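One structure is given below, encoded as structure tokens.
Residue numbers (my numbering): 101 to 385.
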């Protein structure tokens with residue numbers, strides 16, 4: 101871990117990583133509420149500093165507890181073998197943690213303080229090294245029982261591990277697409293500013309287009325085309341612009357519908373994420 105808990109040099113990769121890593125069971129509960137764009141984005145050549153995070157990048161991994169429970173049960177068949185001494189047993193408990201120890205070693209005392217001074221630190225490290233080797237061997241046997249590979253990077257299948265790995269891949273793919281959309285609109289914004297168009301209007305249009313692209317989950321190569329169409333038609337007084345926008349976006353997202361809101365004097369751009377922005381109503385099946 102680098103400075104301030106950063107794992108990667110790229111900020112977007114760290115956001116992706118944090119959306120997948122949980123440190124305790126409370127992090128696994130579904131999150132309530134949806135993010136809203138409370139105010140227009142501030143004028144800046146760097147959109148990535150202002151664009152709101154989307155729910156898909158704040159996912160809670162509902163598949164992780166099932167996977168952990170499955171592996172934990174398989175592992176328990178091997179780690180419950182008694183160790184040769186109390187200190188070796190406590191070294192194993194220190195690696196397994198108090199919750200696992202309480203569940204699978206109900207008749208043992210969790211007393212890892214026995215490994216602290218006055219015990220010689222070198223002896224503690226020796227016990228810990230032995231415990232790591234033992235635990236790694238048990239883990240390999242547990243994975244073998246489940247027919248899981250130790251390296252799951254290329255694994256696929258309709259199993260708890262396969263579904264979890266699929267979730268990880270989906271989160272990474274979503275992060276890549278989000279970053280591509282940010283870069284696309286940054287370049288678009290800079291181009292429009294160079295043409296001396298109204299900077300505030302360009303920023304609003306770019307932010308709306310970004311949200312639209314991400315909501316439709318467009319592929320990287322589709323982002324630029326949709327960005328240009330949004331900038332070209334949003335805000336036009338021509339009544340034909342609505343049907344034109346509908347036809348342009350329908351080709352990119354078959355489930356996208358664009359319509360006027362009958363309840364508002366002015367149209368709104370609304371997504372199921374809770375965003376409400378002037379111009380259009382966007383409904384996704």
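We put the beta carbon where it would ideally sit given N, CA and C, even for glycine.
Just so it is clear, the structure is predicted and the values come from calculations on it, not from any experiment.
- Between the alpha carbons of residue 187 and residue 196 lies a distance of about 14 Å.
- Per DSSP, the continuous alpha helix (DSSP H) segment holding residue 231 begins and ends at 221-245.
- One alpha carbon belongs to residue 221, the other to residue 212, and they sit about 13 Å apart.
- In this structure residue 238 is in contact with residue 179, their Cβ atoms being roughly 5 Å apart against a cut-off of 8 Å.
- Straight through space, the alpha carbons of residue 191 and residue 241 are spaced by roughly 20 Å.
- Annotated three-state conformation of residue 190 is helix, per DSSP.
- By the criterion of a C-beta distance shorter than 8 Å, residue 175 is surrounded in its chain by 238, 239 and 242, once the five residues flanking it on both sides are discounted.
- In the three-state reduction of the DSSP assignment, residue 253 falls in the coil class, being assigned neither a helical nor a strand state.
- Cβ neighbours of residue 245 within its own chain (closer than 8 Å, five residues either side excluded): 174 and 177.
- Annotation for residue 168: the continuous alpha helix (DSSP H) segment containing it runs 163-179.
- Closest option to residue 227, judged by alpha-carbon separation, among 210, 163, 114 and 184: 184.
- Around the beta-carbon of residue 233, fewer than 16 other beta-carbon atoms lie within 10 Å, marking it exposed.
- With distances taken between CA atoms, residue 181 lies nearest to 235 out of 225, 165, 218 and 235.
- For residue 204, the secondary structure class from DSSP, reduced to helix, strand or coil, is helix.
- Ranking 217, 193, 225 and 231 by CA distance to the CA of residue 210 puts 193 first.
- Residue nearest to residue 229 within the set 189, 206 and 263 is 189 (criterion: CA-CA distance).
- Contact check for residue 262 and residue 256: beta-carbon distance about 5 Å, within the 8 Å limit, so the pair qualifies.
- Residue 202 sits exposed, since fewer than 16 C-beta atoms from the chains shown fall within 10 Å of its C-beta.
- Between residue 167 and the set 274, 276, 267 and 273, the nearest pair of CA atoms involves 267.
- In its chain, beyond the 5 residues on either side, 191, 192 and 195 have a beta carbon closer than 6 Å to the beta carbon of residue 231.
- In the three-state DSSP reduction, residue 114 falls in the helix class (H, G or I).
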